[in-house]
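Line by line, the protein sequences are chains A and B.
Just so you know, we're using the working numbering here: the first sequence kicks off at 5 and counts up by one.
Just so you know, we're using the working numbering here: the second sequence kicks off at 35 and counts up by one.
Note that the Cβ used here is the ideal one computed from N, Cα and C, for glycine as well.
The structure displayed is predicted, hence computed values, not measured ones.
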Amino acid sequence: MKQSFYGGVHPHDRKELARHKEIVPLSAAPKEVVIAMAMHVGAPCKPIVSVGDQVKVGQKIGEIAGLGAPIHASVSGTVKAVEPRPYVGGGKCMSVVIENDFQDTWGSELTPHPDYTKLTTNEIVEIVKEAGITGMGGAGFPTHVKISSGLGKVDTLILNGAECEPYITADHRLMLEQGEKVIGGVRILMQAFGLKSAVIGVEANKEDAIEHLKALVGGKNDVTVESLRTRYPQGAEKQLIQRITGREVPPGGLPAHVGCAVFNVGTAAAVYDAVVEGKPLTHRIITVTGDAIQDPVNLRVPLGTSFQQLIEEAKGFKETPERVLTGGPMMGIAQYTLDVTCIKGTNAVLCLTKKEAAPVVAEETCLRCARCVNVCPMHLTPVYMHLYAEKGMWKDAEALNVMDCIECGSCNYICPARIHLVQSFRVTKAELRTLAAKEKAAKEAAKA
Amino acid sequence: MNDMKDLKLTVASSPHIASPIDTRNLMRDVLIALVPALVFGVVFFGPRALVATIVSVIACEFFEWAYRKIMKKSTVNGDLSAAVTGVLLAFVCAPTLPYWMLVIGDFFAIVVVKQLFGGLGKNFLNPALAGRAFLMLCYPVAMTTWVVPGIGGDVWANIIGNTTTMSGADVVTGATPLSVDFMHSGVLPDVSIGEAFVGQVGGCIGEISALALLVGGLYLIARGVIRARIPVAYIATVAVLTFIFPLGGNDRLTWMAYQLFTGGLFLGAFFMATDYVTSPVTKKGEVIYGIGCGLLTVFIRYFGGYPEGVSYSILIMNCCVWLIDKAGKPNRYGVTKEMKAAEKAAKKAGKEG
């Protein structure tokens, strides 16, 4: 049974800024790229090149160390440094700095498989792994792990083209301009899972993309394109599954628990590139937008390009930006410097003016207006969770299921008293994780 | 402006945009929604109703400002919540109530009920209703002296004095629908249902016109300021109960209509019971709360010592809000009935084992 998720908010989507801008490559290749070794959920990669090494485009420069996906050079040239550099996720991260020789020498070890229908599941997983593909929607879960852990459990393959975050148009443009790659990628994933069908969910504000994808699927009818209500957070994994299948992912569970696997449309396109064309993940599409930007654009950029250069590509600032974010305004991370570089999950560089950004004001008192309760897509009661969080009563907050919070920001957005609810829940969740770890350690110590 | 050096970027936790609606906006909408009721109050009781409302608003804002000043707390008059309390308290008082009594009620509402408990958002009783309850205890006669509603200087109460009309004659006090005869023995008031709905009926300043209150309430619901659950559950409960149990051998529908349109039911249901601070936040809780208010209202009207039950029923339900919210806790996302049953079985097994 299909059902819309409960709650959510509808901020002005502002997608008109960049929705009609075609994806273009950088006008000038970056002089150097700074490739962070943490581009995915899990353990950061181990750099396998050292200063002075010559590298080629697509050459592996970071090897998996635990959960993760390998990282490849996005330009050819000389390794200038292997050192911690400012990181989009906050703080600094071990990075490989490559000085571009502008030769674009190709050096990938992957072989193209134009006829993917002959590949086995294991071969596809292996290619996806070697291509270093991670979720392109933002979170960056290694795709090969998602496929292999879902094998045998998944009966519904879902592609996420909702792009519910305001401002961002990268996936929209991708579906419009490279729709055949998306459809091809879905079919490869279907083959990997041994499924006969898949669903692509796209928010209704991208009517042209929906029509285009439908036309591309053509008479085959193996892929359905669903138009979804435009409501944030439609593209959140759990909410999307709920909308498409009516199933609710249990607390602490993964989509595989309800027989679903969700991939971003960008991920599908990357899978297509890797399998059919033998290209590892070295480039991605990024929307540079916001009212502070002179000329918003959708760019195809080598990973590791600095935000500074991306903003210059968009003709720089027309107003002083108040915040520069990676990702959308609801869940994006604010940056303190433009020296950070894009990673596999960077879907947008968003520069907000003082007028569009949330006003920096003191929190007022909670009115108990219940707006937060009414917008929470996870059926939580943020008003009470926050009361406990404020007093450090972590366990009481846990009893209200604070751990289920997906940090979508809807409650925070709607709060008339401007209370920093999401921040408060992040702290609570971190405290609870520490507590749980301590309890576990104590238990083990008692056993031993 | 292409200067990329020396950028002063704000780093904050997501989300980075905010809804344009803030506390002040919400309170302003409530004030706007109260205007129709005020207009009808002024039409039927004269300019004195307007003056009383203004006096009450000024007094509330003053007490809020003065208390916070004396206690060295930040000034919060900008949020307009005291103004809302001021209007609502004036609305639930008789039009001829002396201004000084009204001001005492304002003091009790703002200082004792609201600020002593920590100010906006912390009080557990609705300030306006608590103020009314306090006035009812202190000045029962003045609070229940009803003037006959009418239009024109010869029936409107004098703005200064409270016993003469604007033309100098004594005000005529009359029975209201809220009489013991009506509520307890089922003697219908001598106004038509239509008059009662529009508001040409005795009563407090703001409660007389069910029509105006309905318009204001629908405005609030349409603007998303309040949710329909509480008023609908409240009014429906009263409607059903009075329909099933008419008093004095009256026709069921007539009796129900009089019960709905007279007294403070609409004011209470749309503006008092929906007060954010003192109502539940959960969906189920809101329905339970609305039904509870409705039950108590009918019980007090039928069996209580008072002829009117709206204010006390809401005050009583106010005290139960936290409990109701615990009962109304939403179902956990992703937990199915089978999972719940399994968990219960496991707990039982654990206890027995």
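Residues of chain A with CB under 7 Å from residue i, in chain order?
i, result
"Thr316/B", "Val377, Thr385"
"Lys378/B", "Near Lys378/B there are no residues of chain A at all, since even the closest Cβ is about 16 Å away, more than 7 Å."
"Gly155/B", "Thr369, Cys370, Leu371, Arg372"
Near residue i, which residues of its chain fall below 7 Å by C-beta distance, leaving aside the five closest residues on each side in sequence?
i, result
"Val77/B", "Ile185"
"Thr316/B", "Asp359, Gly362, Lys363, Pro364"
"Val253/A", "Lys242, Ile245, Pro259, His261, Val262"
Determine whether the Cβ of residue i lies closer than 7 Å to any Cβ atom of chain B.
i, result
"Leu371/A", "yes"
"Met194/A", "no"
"Gln313/A", "no"
"Met5/A", "Because the pLDDT of Met5/A is 47, which lies under 50, any placement of that residue in the model is unreliable, and the number read from its coordinates should be weighed accordingly. So no, Met5/A is outside the interface."
"Gln243/A", "no"
"Tyr417/A", "yes"
"Ala240/A", "no"
"Leu71/A", "no"
"Val280/A", "no"
"Leu329/A", "yes"
Looking at residue i: is its Cβ nearer than 7 Å to the Cβ of residue j?
i, j, result
"Leu389/B", "Ile350/B", "Chain B is shown only over 35 to 387; residue 389/B falls outside these bounds and no answer can be derived."
"Ala85/A", "Gly70/A", "no"
"Ala375/B", "Phe295/B", "no"
"Gln243/A", "Pro116/A", "no"
"Val269/A", "Ile192/A", "no"
"Ala100/B", "Asp140/B", "no"
"Arg286/B", "Phe279/B", "no"
"Thr199/B", "Val189/B", "yes"
"Gly155/B", "Val311/B", "yes"
"Leu232/A", "Ala166/A", "yes"
"Gly413/A", "Ser48/B", "yes"
Look up residue i in the DSSP assignment and give the residues it is bridged to.
i, result
"Gly165/A", "Val206/A"
"Trp190/B", "Paired residue(s): none; Trp190/B is not in a bridge."
"Glu67/A", "Lys50/A"
"Ile289/A", "Arg304/A"
"Thr76/A", "What sits at residue 76/A in the sequence shown is His, not Thr. DSSP, once it has assigned bridges, lists Lys64/A as partnering His76/A."
"Val181/B", "Thr207/B"
"Arg327/A", "Leu356/A"
Is any beta-carbon of chain A found at less than 7 Å from that of residue i?
i, result
"Met35/B", "Because the pLDDT at Met35/B is just 45, under 50, the model does not fix this residue reliably, and the point stays unresolved."
"Pro132/B", "no"
"Val311/B", "yes"
"Leu163/B", "no"
"Ala52/B", "yes"
"Leu150/B", "no"
"Pro265/B", "no"
"Leu60/B", "yes"
"Ser1/B", "Nothing about residue 1/B can be reported from this structure: the residues present for chain B run from 35 to 387 only."
"Ser345/B", "no"
Got a sec? Which residues, its chain only, sit under 8 Å from residue i by beta carbon, not counting five neighbours each side?
i, result
"Met35/B", "Because Met35/B sits at a pLDDT of 45, beneath the cut-off of 50, its placement in the model cannot be relied upon, and the point is left open."
"Lys433/A", "Val406, Met407, Cys409"
"Val73/B", "Ala246"
"Phe390/B", "Since the displayed chain B opens at 35 and closes at 387, residue 390/B lies outside it and no answer follows."
"Thr234/A", "His14, Asp17, Cys168, Glu207, Ala208, Asn209"
"Glu394/A", "Ser428"
"Met5/A", "Low confidence applies here, because Met5/A scores a pLDDT of 47, under 50, leaving its location unreliable; read the following figure in that light. The residues are Gly250."
List, in chain order, every chain A residue whose beta-carbon is nearer than 8 Å to that of residue i.
i, result
"Arg366/B", "Pro255, His383, Asn405, Asp408"
"Lys363/B", "Thr385, Leu404"
So residue i contacts chain B; which residues on that side make the cut at Cβ distance below 8 Å?
i, result
"Glu326/A", "Leu43, Thr44"
"Gln339/A", "Leu43, Val45"
"Pro15/A", "Ile51, Ser53"
"Met335/A", "Ser48, Pro49"
"Pro363/A", "Ala52"
Spatial neighbours of residue i within its chain, please: C-beta separation below 6 Å, excluding the five flanking residues on both sides.
i, result
"Phe311/A", "Leu342, Val344, Val353"
"Ser201/A", "Asp226"
"Gly302/B", "Val344, Ile348"
"Gly294/A", "Leu354, Cys355, Leu356"
Which bits of chain A does residue i rub up against, with CB to CB less than 9 Å?
i, result
"Val221/B", "Those within 9 Å of Val221/B in chain A number zero; the least Cβ separation is about 41 Å."
For a contact meaning CB atoms closer than 9 Å, what does residue i contact in chain B?
i, result
"Pro259/A", "The contacting residues do not exist; Pro259/A stays about 11 Å from chain B at best."
"Glu252/A", "Tyr367, Gly368, Val369, Thr370"
Find the residues of chain B that neighbour residue i, judging by a C-beta separation of less than 7 Å, and give them in chain order.
i, result
"Ala421/A", "Thr57"
"Gly413/A", "Ser48, Pro49"
Quick one: is the Cβ of residue i within less than 6 Å of any heavy atom of the ligand MG?
i, result
"Pro314/B", "As for the ligand MG, it is missing from this structure, which has no ligand bound."
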